[in-house]
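Chains as they are written, first to last, in our numbering: chain W, 5 to 427; chain B, -1 to 308.
Don't be surprised by glycine CBs; every beta carbon is placed ideally from N, CA and C.
Have a look at this one:
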């Protein structure tokens, strides 16, 4: 089975390509890229006026499977990913049971292989049970197919555990994804600490809770020589800490989410629980710093932190609502805003959603080189559409972008040479 | 002059004219409270549910008396603000009460924004009787009525509010209402109890209590809520009383005719000494008395009462 994508603007940052070319996929692999390709029997996709990129990759997703299938499962989560243009996702281990052992990793991989729409790369936990007390069997997890380690949703509070985790993971060449948050400074906070929290009478989470934890983990990475990836940076200070660490040669990378470069704490007004996330939405100054970090390369990747929650977990008083939003189906148009607003070039944006995240986790994806798996996304950058939460493919509808007018969408998502989504 | 508000969720939503109307209406109800027969038929046939998710004696009693004096049927419901996983959700509780067709729900809840949540989901009126650290509008309005009664005016007066500003819904509601009425509001509290950005709401922030109350017309002390503030915000109550407590020596810094207020309940010897609380300048019990009149006014106005007869 072959697919010929004709006349699109191919943007493949991994191979430094930005040109109007045809792309032929055959037997699940990229077979050829060139001008005026012809292939008898191939399914032809007319991509003129469209962008053709390596399949998008999101390395920070909660698929909720096993255990919380009422929020999302591997089928619905990967369907949502495909609709958002993603061909690969890495899923966080805070499932039930927790992905701190080979059996859970294998369950995820098998279910994804049997029923999933896109590639799923499991992330195992740093500590057993996400308790931050003893290390997970990292070697076993790697053997089973985990591509990274994280206690996401919770920080590793104990400095020594984090130190030992970085040291122990080093020979396995596993990156540690740090959810950097000093819980003692978070306290009972439910939104960013500042003027809006003061007005709404809600307890605040200060920026220093993130900065202090980021600084510690960066220093531990420097001290141990281990590889650190800082998840969802949301503050000006975190961006600066990572920028300075990179200059010193520390093996650190980081990521940011669309909600942290699009929204501010103002979105919480009206006690909108879909504006409740962790880290919380911050100030305009932080948003500007995150954008600057993306522009100057401090922030390597764009991720969604796709966090599905059931309506019953959001339709409650603000202080008891769950943290997080779904993001897979809105990430691409929100990221394209950065291009339209001149923050990133198109190529930079594509890199942050393809080859850069692939490189961070060391997964063999994110490139259109001949012989690579035919994971391709066709994007209409001008398509105007309106987000309708009820129509999202995700099981959960917790998005603050409901009703937003968007420009740009994936119109065709191809995984391993198979069309998994078409708009 | 008409009153356009279906719900009273906070003083933030009220205009200067709204506040004047509420105070004037309350003034006219005060007389009823001193009659032999303290009851008028104004809200006969109306049902008011006092839905209290947080312990309250004074506010709940005050709302109940206010409703009864206007001849409304008042029902008290005390619920515990249970976690999401246990018990009934707030929405379900609200929908069930709504099905019994009340006209007004008066709500007290520990979660900031809970009355806003309720107002978005049900068809009857909602009056906020205090939500978390957000607002407590009827308290601010009774404060204004009390100040006006003693000072004859509001505009131009200086009020010093001292205590735990961060966790105080009274401070926020007072701040919104008082600045709208042309008053100067000074806020003072320990460094751990002054929330960020509060000056953007029009307050002047002081760290030294003596400075804060110097030449003030009104000194309002806030309750230190031991159960809420935990261990990290203060070293000891002894030290708190020393730096932020109101005693006769300190009160002498305020204007000679300054009045002393407190939303209650009092922690005698902590934020306020008994000499001051029971002294000549204290108007604390006037606040309680005015609370009934103000709540009558709110119930009356929210019930669309302008056309009803007083």
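Using a C-beta cut-off of 8 Å, the region 217 to 235 of chain W makes no contact with the region 208 to 221 of chain B, since fewer than three inter-stretch Cβ pairs fall below that distance. Between the alpha carbons of residue 122 of chain W and residue 274 of chain W lies a gap of roughly 37 Å.
In the three-state reduction of the DSSP assignment, residue 426 of chain W falls in the strand class. Per DSSP, reduced to three states, the secondary structure at residue 190 of chain B is helical.
Contact holds between the region 226 to 244 of chain W and the region 207 to 215 of chain W, because three or more Cβ pairs, one in each stretch, are under 8 Å apart. Residue-level contact by beta carbon holds for residue 196 of chain B and chain W, with a gap shorter than 8 Å. Nearest in C-alpha terms to residue 86 of chain W, of all of W/322, W/96, W/62, is W/62.
The criterion of a C-beta distance shorter than 8 Å is satisfied by residue 24 of chain B and residue 294 of chain B.
With a threshold of 8 Å between beta carbons, residue 319 of chain W makes contact with chain B. The region 96 to 113 of chain W makes contact with the region 134 to 149 of chain W; the number of CB pairs closer than 8 Å reaches 3 or more.
Of the other Cβ atoms in all chains shown, fewer than 16 fall within 10 Å of the Cβ of residue 254 of chain B; this residue is therefore exposed. Only 191 from the region 174 to 191 of chain W bring a Cβ to less than 9 Å from some Cβ of chain B. Residue range 282 to 300 is occupied by the alpha helix (DSSP H) that includes residue 295 of chain B. Taking every protein chain shown into account, the CB of residue 34 of chain B has fewer than 16 other CB atoms within 10 angstroms, so this residue is exposed.
Residues of chain B whose Cβ lies closer than 7 Å to the Cβ of residue 275 of chain W are, in chain order, 111, 114, 115. Taking a C-beta distance under 8 Å as the contact criterion, residue 142 of chain B and residue 297 of chain B do not qualify as a contact pair. Below the 9 Å Cβ cutoff, chain B contributes no neighbours of residue 282 of chain W, its closest Cβ being approximately 17 Å away. Across the set B/68, B/290, B/175, the C-alpha of B/175 shows the shortest separation from the C-alpha of residue 12 of chain B. Using a CB distance cut-off of 8 Å, residue 269 of chain W does not count as an interface residue toward chain B.
For the 8 Å CB-CB criterion, residue 205 of chain W and residue 196 of chain W do not form a contact. If only complete runs of 4 or more residues are kept, the region 213 to 244 of chain W shows no alpha helix (DSSP H) anywhere. Chain-order list of chain W residues neighbouring residue 167 of chain B: 205, by C-beta distance under 9 Å. Setting aside the 5 residues that flank it on each side, residue 400 of chain W is surrounded in the same chain by 75, 76, 312, 313, 314, 315, 330, each with a C-beta closer than 8 Å to its C-beta; the list follows chain order. Secondary structure at residue 350 of chain W: helix, using DSSP grouped into helix, strand and coil.
Going by DSSP, residue 416 of chain W is part of the beta strand (DSSP E) stretching over 409 to 419. The three-state secondary structure of residue 55 of chain B, taken from DSSP, is coil. By the rule that beta-carbons nearer than 8 Å mark a contact, residue 161 of chain B does not touch chain W. Of all residues in the region 85 to 98 of chain B, only 87, 88, 89 place a beta-carbon less than 7 Å from a beta-carbon of chain W. Separation of the CB atoms of residue 260 of chain W and residue 306 of chain W is rounded to 6 Å, and the pair is thereby assigned contact status at 8 Å. Residue pairing by DSSP places residue 155 of chain W in no beta bridge whatsoever.
For the pair residue 67 of chain W and residue 195 of chain B, the Cα-to-Cα distance works out to about 38 Å.
Collapsing the DSSP output to three states places residue 361 of chain W in a helix.
Assigned with DSSP and collapsed to three states, residue 1 of chain B falls in coil, not helix or strand. Listed along the chain, the chain B residues whose CB falls inside 7 Å of the CB of residue 202 of chain W are 193, 194, 195, 196. The beta-carbon of residue 278 of chain W is placed no less than 8 Å from the nearest beta-carbon of chain B.
Between the alpha carbons of residue 38 of chain W and residue 19 of chain W lies a gap of roughly 14 Å.
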